[in-house]
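Here the structure is laid out as structure tokens; the discussion comes afterwards.
6 protein chains.
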Amino acid sequence: MTRGILDYDFGVQVDLYLLIKSATKGIASNGKPFLTLILQDQSGEIEAKLWDANEEDEKNYTAQSIVKIIGDIHNYRGKSQLKIRQIRRTGPSDSVKLEDFLETAPLSQEEMTSKLTQYIFDMKNPNIQRITRHLLKKHQKAFLEYPAATKNHHEFVSGLVYHVVSMLDLAKAIASLYPSLDKDLLYAGVILHDMGKVVELSGPISTTYTVEGNLLGHITIMVNEIGKAAEELGISGEEVLILKHLVLSHHGKAEWGSPKPPLIKEAEILHYIDNLDAKMNMLDRALERVKPGEFTERVFALDNRSFYKPIFHK
Amino acid sequence: MTRGILDYDFGVQVDLYLLIKSATKGIASNGKPFLTLILQDQSGEIEAKLWDANEEDEKNYTAQSIVKIIGDIHNYRGKSQLKIRQIRRTGPSDSVKLEDFLETAPLSQEEMTSKLTQYIFDMKNPNIQRITRHLLKKHQKAFLEYPAATKNHHEFVSGLVYHVVSMLDLAKAIASLYPSLDKDLLYAGVILHDMGKVVELSGPISTTYTVEGNLLGHITIMVNEIGKAAEELGISGEEVLILKHLVLSHHGKAEWGSPKPPLIKEAEILHYIDNLDAKMNMLDRALERVKPGEFTERVFALDNRSFYKPIFHK
Amino acid sequence: MTRGILDYDFGVQVDLYLLIKSATKGIASNGKPFLTLILQDQSGEIEAKLWDANEEDEKNYTAQSIVKIIGDIHNYRGKSQLKIRQIRRTGPSDSVKLEDFLETAPLSQEEMTSKLTQYIFDMKNPNIQRITRHLLKKHQKAFLEYPAATKNHHEFVSGLVYHVVSMLDLAKAIASLYPSLDKDLLYAGVILHDMGKVVELSGPISTTYTVEGNLLGHITIMVNEIGKAAEELGISGEEVLILKHLVLSHHGKAEWGSPKPPLIKEAEILHYIDNLDAKMNMLDRALERVKPGEFTERVFALDNRSFYKPIFHK
Amino acid sequence: MTRGILDYDFGVQVDLYLLIKSATKGIASNGKPFLTLILQDQSGEIEAKLWDANEEDEKNYTAQSIVKIIGDIHNYRGKSQLKIRQIRRTGPSDSVKLEDFLETAPLSQEEMTSKLTQYIFDMKNPNIQRITRHLLKKHQKAFLEYPAATKNHHEFVSGLVYHVVSMLDLAKAIASLYPSLDKDLLYAGVILHDMGKVVELSGPISTTYTVEGNLLGHITIMVNEIGKAAEELGISGEEVLILKHLVLSHHGKAEWGSPKPPLIKEAEILHYIDNLDAKMNMLDRALERVKPGEFTERVFALDNRSFYKPIFHK
Amino acid sequence: MTRGILDYDFGVQVDLYLLIKSATKGIASNGKPFLTLILQDQSGEIEAKLWDANEEDEKNYTAQSIVKIIGDIHNYRGKSQLKIRQIRRTGPSDSVKLEDFLETAPLSQEEMTSKLTQYIFDMKNPNIQRITRHLLKKHQKAFLEYPAATKNHHEFVSGLVYHVVSMLDLAKAIASLYPSLDKDLLYAGVILHDMGKVVELSGPISTTYTVEGNLLGHITIMVNEIGKAAEELGISGEEVLILKHLVLSHHGKAEWGSPKPPLIKEAEILHYIDNLDAKMNMLDRALERVKPGEFTERVFALDNRSFYKPIFHK
Amino acid sequence: MTRGILDYDFGVQVDLYLLIKSATKGIASNGKPFLTLILQDQSGEIEAKLWDANEEDEKNYTAQSIVKIIGDIHNYRGKSQLKIRQIRRTGPSDSVKLEDFLETAPLSQEEMTSKLTQYIFDMKNPNIQRITRHLLKKHQKAFLEYPAATKNHHEFVSGLVYHVVSMLDLAKAIASLYPSLDKDLLYAGVILHDMGKVVELSGPISTTYTVEGNLLGHITIMVNEIGKAAEELGISGEEVLILKHLVLSHHGKAEWGSPKPPLIKEAEILHYIDNLDAKMNMLDRALERVKPGEFTERVFALDNRSFYKPIFHK
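Residue numbers (the working numbering), protein chains in the order written: chain A, 36 to 349; chain B, 36 to 349; chain C, 36 to 349; chain D, 36 to 349; chain E, 36 to 349; chain F, 36 to 349.
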């Protein structure tokens, strides 16, 4: 992996391409406008101020454009900040492209598609299998590209499917230790549980919530989708109800967004698998950034805890 | 109204017809079987023990059968109990029928249907009007017969539609005081909000939850129904999303079963109207049973409070 | 209505009178003092910085003084800010007066007084009527001028009485649908419930809490007032106790400031009417500021929700 | 102290006088009426069943009457029960009186009155002193007789004043260690904090809540009393407000019944002293009943904990 | 497996050996003593009443004795009850033994010991390995016999070690999917996390809490044990602190008994593995007792939920 | 006491020595680095900005160094700020020492040691006495120097022992009023309850949490210490268990960090004494800074309340 913006020490001068994630105008105490730029590459984000910004600057340096910057990394309240010496917008001659600056899943879409296909193939109940396959096919493109969330965990390109694929492997391992579990339900539950996010969220980059996402949420959206799929496929067994329930209850409690708590064994386990994979992802990302003997930054979605990396984990 | 089983004083001997709501077998300390009968008429319920019950008794005295009883009302821990002297199962010659023993709404189904029709007629937005009319027509029979709940409030035959009709009148009164409210949304929200109960509950008498009711709940069921209706009618405007949201959010908070809180003004007001009508119903029923200067029994669904009836309310 | 400070677009130059709501001194990074001014007219508030403020500026530009300003509206983190070009304190020749800059209720004090009088006239129970009339008369001047709160809802001149008058109309409409309600209690409860705010709050403008407001609160203050009124009028029936209870319980729950929850039917309904009118006021104010298809700012007193204005509400 | 009903072992036959605390009629499984009697003496309460009770029994054995009983103590689910062999109602010739069967405070009313007088005498601030003395005088008879509660702690004759006197001694000890505390406020707060119970509760025996107690509560009642006292005495200083606040806030938190939390140092300490004395009372009573090495019964008002008595505390 | 007491239908007459789990004396309404016996075999428990019990019965039929019973299974409020026709205490000639009536883990102690040995053998960090081996050896006998709890999950002979062995397999499977996890810490955490229960609980049968268990709890007990072990072995690295933390935090939250939440990645995962295995155990046991299409009894430790067994799970 | 940095009015020029508590580098809007200095003396802390700071400044003005400053006190958002005119690092010739700038307990270490000795001497139970004396001796140096916390209460040099000594006096006063209390347990509990802070915290100045403090906490650390002490002294009575329980439970509830709530009378009282002394300390410190008739700043550890100082407390 090449060196990213977060891999430099304080005090170092850098000369590199970065993607503008967001640009906000402000007025400095001397009365002149300035731009606060959030810049990113695959290693993460850094803030920079562009002082005395004129109107042309405002037009040039907008979200989703790529810039070339010479500047210095310094320390602002314990966080990296970039002090800009030179900045220019890139053109075709720079031969850089958007994808180079976005974080993506560690597996390719092909690898993940093939895994999904295999798990669906392994299902024995035809009703469950057909509904799952139908919905995956219907939403396939977005499902392979969307992040799992706007923040907290798997918030990168293809994060949604990567989360699903990790959960499938976990489901398989658990089901082999507890043979009373219905594998078909577990696999289908894993694949469908967050699929409604392809409607709830706006897309793979600069992700926000859609109006439908805000007013209904991905759980309700997906329960409807299962109903529609069953109707289109002419399937009416109890499997339809159970699949809806698996999606409906996967947040575990009413106050976490599931109007019904898990009332099926596989629904309870699905909730656990979801949580466990999300937590592993958050923990790994937080711990990657500190050295043995240090505590991580507080992780909001893990009850605001700060985790310790043991010294003997060198 | 004729005198009901709860209208007699302690110590009085009665001779009347009653409906068996439930019958449960037990073994007395002398080793002999007995039946605990919950008996009802339109005034309410009373418990009775049938001691030394033989097998024939068990077959005769089952739920939903009507009996003729001679017995005494006495006081058991502050509640009425019926001590049976004579009991027999009724036959055709008794000319009593089931409906005579069930509590029903104070308005007839015809009156309520006509009110519903008028409110739908008053809607101006054709999308909202058509979806509401379509769903009312689809579920009309059950909607007119079901209770609003198995307990707590409007738990009587036609309780659901009676609750809806009261709420419509309240919605109209409020909308005329706050003209910024969208009447169409309010009326549609009121009519649809609990309609999923015709799937969630088992029917108008001896009401229980269906499996679908337990695993999905009336809110999710109804959101799906709105989606289906819109599709069948070929309606795709934002009204569909808003109607779904009205139903989805009408419990007000995630911990009360709404995965999204009200995020539309009319959704917030719908939640209030629903609550206000339910509470008035519970308060009136609890206060009817006590005299001025007394406190009611604790009402579980009203935070277990015991309400006072002022002395000057004679 | 004339154009207010919040009605201009970003980038526009304005020349207008504004009232200074508050002025706070700071030290800029160049070591020089500056003033942060919160300026207001009837449309709302805007922030402005007065850089390099000297001692005379500090004396001139204080809270409650009116200034003439030429400046530019610009956008700071999504909120309007005013960049001052010229500023001067107004004098008699400007012929502007305080009231022109304060938000007031949409009804005149006369209209509202007449409504209050009518509702009291309609009461049938003489004890309730006399106590209500006595207390209204005692606190009339402040009651007609005070806001209902320092923020959240009805936080404008005469906001308290406007809130009461809206609630009275609502109480009347509800009582006509639920005839078991005691109208006298409802009307008296509405008129008295927040009257203690004339002691709890400091006055109609730049409103803060008094020491008595902080240490006792408007509920306790008003319960005492009812007791005193009854004594002065020589009234001793149960009505006194019930009126005290209506005021005492109107926040609905101990954790919301009512040491006793509503234990009278009308007390429960009073709590609902209070809430409903307050919420309608907050919702209307929040939604007025956005266009169809947008979400409002988060409203703290409505559980920090952000409300959506449907697109078809054009 | 003579031997009480709770001091006998299981299996023992007893012959003694007892007070009937309550008598409730039931119907046995053989269809015959029986009475459940709660019998008490100063050591506590015991339950007894009077089988086959006739009408004369019902009239004879009512609450507050004293009976002579011969019977056997036996063990019913770990609790003592009294099996009646013979029972008769007492008459004048038995020379027993009500007080002999009621638990009372360990100090006499005279001793406690003298302590109260001394503490009031020690106050330096005349406003605080006069209000406290005035209110004590006004309610003196009931204040000396009432319990502090219907259950949980100090639920015996003169329990209220005994609780106050213990708290005064504690207040004095604490104030001498933390000299910044205002002794006058502490003493007055202690004496007045629960005085409203003389209106909230029905009296020293068979204590229940009055309607005023239910609808207003002792805190609100007493805040009003302080206001009235100040008016009658022509006192208007800030001391009146502070005394009201001390009473108002002594439950510590809104959810525990104080609409305002303590906002004065002495109010915070008063809350602590109240709690500490109540807890010591509950702990001592629970621990008295077990032997070293045992756990007490669960104490509901102490978070349902069961306390251990160390073995080395012999 | 032979037929157990819970495997018979209502109405059937049985003739079999049962273990008395507990025997409690009561007094019937006819004034005669009776015994309530809780009887058990490996299939579960059933209640029986022995009416008109004399003193000899009381001595014969005590907890932990085995009886031969002829009686009838009947239905009491939906639960099985045993109506005794004949009962006698067993003697040597019956050749029955205690173990035959106790539920035990499905794996033998030998199998489980061998699994534990292998997992410890697989550890790479010598400090972690030595401490774990030392403590296992120290408590081995009890560790192999104790249940994991007095109720809720794994409440059978050898339940503790069975829970641990299942968790080890789960830990291995998860660690192979998330290679950043430290296997040594996970395995040691699993083996040690509940080992303190051998002090907290009284033993493998009729299990209760010891005084030390009540006052300190198994977590604190075990943290001390790790400290002592490290000292005895002369180990002082950070591993000691981390092992203590794993045990200390394994309940996940302060309110669940862990004074520190997990602050190490493996501690967080240990908490999950513990929960998942416990829940699988409870779910399987609850679902075993119902047929497809039915709901289980409410499971208190699973938020009092009632779980559904899908019809297609035949 | 000499005048401290917080004793000057706004606008005054000062010339004095101060200790740098912390120094943080930032970049001003003109692109130049600056230092934010938190400066302190025994009266408290003040913030100052050192603009245009060069590299030498960064090296000179670091935490724990003492500086001589000439500057002006001004008001920044209601808080004092120091505007630096001249600053220089002190050298030996300034004859100032670290201790002069640190807040310390109002009693000397000798006085407090002597009090501790006396209380231990007064103990009657030899096991309790020996363990307490042993542990005090083992940790004596740190115990006499450490603060009781990093913030909130007793956060000054020797704050820990000062808190303990105040609590001992309080324990003695309370025990003399409630003679059923075991003084030995109370005294030992007070002395040991927070002693684990000498391991949990880093030291008497610039106090932070150690890794062991973060992962185990002072309660668990101290429970282990008691176990070790008992072993070393060969003491094995129940006193060891009870002392552990006193320390374990002194935070009162699981959610406040005590895995077991107090289950011994003296443990419950210890929790109260701890709270009361901590609150008195916080209240006195907050109230010292305001004048009669004013409210204090909000005190986070007292539920964020703002306390009022009565006007008649002049």
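Glycine included, each C-beta is placed from N, C-alpha and C at the ideal position.
In this text the structure is predicted, and so the values were computed from the model without any measurement.
Within its own chain, the residues whose Cβ lies closer than 7 angstroms to the Cβ of residue 67 (chain D), once the five positions on either side in sequence are excluded, are 87, listed in chain order.
Listed along chain B are 109, 111, 116 and 118, each with a C-beta nearer than 8 angstroms to that of residue 62 (chain D). At a cut-off of 8 angstroms between C-beta atoms, residue 198 (chain B) does not count as an interface residue with respect to chain C.
Shown here for residue 107 (chain D): same chain residues with a beta carbon closer than 6 angstroms to its own, the five before and five after excluded, namely 48 and 118 in chain order. The C-beta separation of residue 236 (chain B) from residue 200 (chain B) comes to about 18 angstroms, leaving the pair out of contact by the 8 angstroms criterion. Against chain F, the CB of residue 254 (chain E) has a partner CB under 8 angstroms away; the residue lies at that interface. Taking C-beta atoms under 8 angstroms as the contact rule, residue 276 (chain C) and residue 247 (chain D) qualify, at a distance of about 6 angstroms. Minimum Cα-Cα distance from residue 109 (chain F) among the listed residues F:286, F:40 and F:314 corresponds to F:40. Burial state of residue 269 (chain C) is exposed, judged by a 10 Å Cβ sphere holding fewer than 16 other Cβ atoms. Taking C-alpha positions only, residue 251 (chain F) is separated from residue 155 (chain F) by approximately 28 angstroms. Residue 172 (chain C): not part of any beta strand (DSSP E); member of the alpha helix (DSSP H) spanning 161 to 180, first to last residue. Taking the C-beta atoms as reference points, residue 303 (chain A) is found nearer than 8 angstroms to residue 297 (chain A). Flagged as an interface residue toward chain C: residue 343 (chain F), by a C-beta distance shorter than 8 angstroms. Interface criterion not met: the Cβ of residue 150 (chain B) is under 8 angstroms from no Cβ in chain A. Cβ neighbours of residue 158 (chain C) within its own chain (closer than 8 angstroms, five residues either side excluded): 164, 167, 218, 219, 222 and 223. Here residue 307 (chain F) is not near residue 213 (chain D), since their CB atoms are 8 angstroms or more apart.
Nearest to residue 324 (chain C) by C-alpha distance, out of C:209, C:342 and C:160, is C:342.
At a cut-off of 4 residues, the continuous stretches assigned as alpha helix (DSSP H) that sit fully inside the stretch 63 to 105 of chain F are 90 to 95.
When only Cα atoms are considered, residue 204 (chain B) and residue 191 (chain A) end up about 51 angstroms apart.
One thing to note: residue 315 (chain D) has its Cβ no nearer than 8 angstroms to the Cβ of residue 187 (chain D). When B:169, B:100, B:99 and B:183 are compared, the shortest CA-CA separation from residue 140 (chain B) is found for B:183. Contact between the stretch 125 to 139 of chain B and the stretch 72 to 83 of chain B is present: 3 or more CB-CB pairs across the two stretches fall below 8 angstroms.
For the 8 angstroms CB-CB criterion, residue 95 (chain D) and residue 124 (chain D) form a contact. Annotated three-state conformation of residue 259 (chain B) is helix, per DSSP. Taking a contact as a CB-CB distance under 8 angstroms, the pair residue 147 (chain C) and residue 196 (chain C) counts as one, their CB atoms being some 5 angstroms apart.
Scanning the stretch 292 to 337 of chain C from its first residue to its last, the whole alpha helix (DSSP H) runs of 4-plus residues come out as 300 to 323. Distance check between residue 144 (chain E) and each of E:115, E:114, E:161 and E:176 places E:176 closest, using alpha-carbon atoms only. Using beta-carbon distances, residue 85 (chain D) does not count as an interface residue toward chain B, since no partner is under 8 angstroms.
One alpha carbon belongs to residue 227 (chain E), the other to residue 59 (chain A), and they sit about 53 angstroms apart. Residue 307 (chain D) has a beta carbon lying within less than 8 angstroms of a beta carbon in chain F.
Collapsing the DSSP output to three states places residue 59 (chain C) in a strand.
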